[in-house]
Amino acid sequence: MDIKQIQELVKLINKTSIGEITIEEDGKKITIKQKSDPVQNIIASAQPTYAPAPSTPQASAPAAPSTPVAAAPKTDNLITVKSPMIGTFYRQAGPGKPIFANVGDEIKPGKVLCIIEAMKLFNEIESEVKGTIVKVLVDDASPVEYDQPLFLVDPA
Numbered sequence: 321m322d323i324k325q326i327q328e329l330v331k332l333i334n335k336t337s338i339g340e341i342t343i344e345e346d347g348k349k350i351t352i353k354q355k356s357d358p359v360q361n362i363i364a365s366a367q368p369t370y371a372p373a374p375s376t377p378q379a380s381a382p383a384a385p386s387t388p389v390a391a392a393p394k395t396d397n398l399i400t401v402k403s404p405m406i407g408t409f410y411r412q413a414g415p416g417k418p419i420f421a422n423v424g425d426e427i428k429p430g431k432v433l434c435i436i437e438a439m440k441l442f443n444e445i446e447s448e449v450k451g452t453i454v455k456v457l458v459d460d461a462s463p464v465e466y467d468q469p470l471f472l473v474d475p476a
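For the sequence shown, my numbering assigns the number 321 to the initial residue and increments by one for each residue that follows.
Here's what the structure looks like:
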């Protein structure tokens with residue numbers, strides 16, 4: 321079974337209510353399990369700019385317009401690079417190796433942005449867009465879910 325087939329299985333499981341599937345082929349066994357609440361950790365790290373506005377509803381009237389006005393135009397045109405699979409997110413090939421993509425880096429289609437380790441396989445995730453990295457949304461060596469936002473890219 322190749323990585324494409326595994327990715328398709330992960331997509332299928334994410335779209336259904338199946339909790340776990342195990343497949344044996346040519347003496348190799350693959351088990352894919354679905355997490356019960358995959359989104360809660362993503363929201364906390366991916367959207368820190370939304371936290372201040374709800375926490376101070378009365379005091380945010382004068383302060384909130386300056387923060388959302390500055391953030392809203394920037395986020396409207398940003399492209400989100402999402403994880404194509406479940407695994408562990410790495411920003412570099414190994415300890416002491418250069419980081420693939422930092423904030424402010426110019427990227428183009430085909431540039432490696434990160435590595436996602438899935439079942440002891442290290443998969444290079446390449447950019448499909450041209451632009452500038454604005455924000456890295458995931459910490460190094462963190463678990464990621466399928467379709468989880470990884471990077472924000474300004475296409476301008």
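C-beta atoms are modelled at their ideal positions from N, C-alpha and C, and glycine is treated no differently.
Subject >> Secondary structure of Q354, DSSP reduced to three states >> reply: DSSP, reduced to helix, strand and coil, places Q354 outside both helices and strands of the structure shown, so it counts as coil.
Original post:
Is E446 helix, strand or coil when you go by DSSP?
Top reply: strand
Original post:
Considering only C-alpha positions, which residue in the set D467, D322, N422 and A421 is nearest to D346?
Top reply: D322
**OP:** May I ask you to list the residues that DSSP assigns as paired with V464?
**Re:** Per DSSP, G407.
Subject >> For I323, the first and last residue of its enclosing alpha helix (DSSP H) >> reply: I323 to K335
Original post:
For the candidate residues I343, N422 and Y410, whose alpha-carbon lies nearest to that of I445?
Top reply: Y410
**OP:** Would you identify the three-state DSSP class for G451, choosing helix, strand or coil?
**Re:** Of the three classes helix, strand and coil, the one that applies to G451 here is strand, per DSSP.
**OP:** Report yes if the CB atom of F471 is closer than 8 Å to the CB atom of K450, and no otherwise.
**Re:** no
Original post:
If you follow the beta strand (DSSP E) that L398 is part of, which residue opens it and which one closes it?
Top reply: Note, L398: premise wrong, no beta strand (DSSP E); not H, not E.
Original post:
In the structure shown, what three-state DSSP assignment does I419 receive?
Top reply: Residue state for I419 is assigned as strand, using DSSP reduced to three classes.
Original post:
Among P404, M405 and S447, which one has its Cα closest to the Cα of F420?
Top reply: S447
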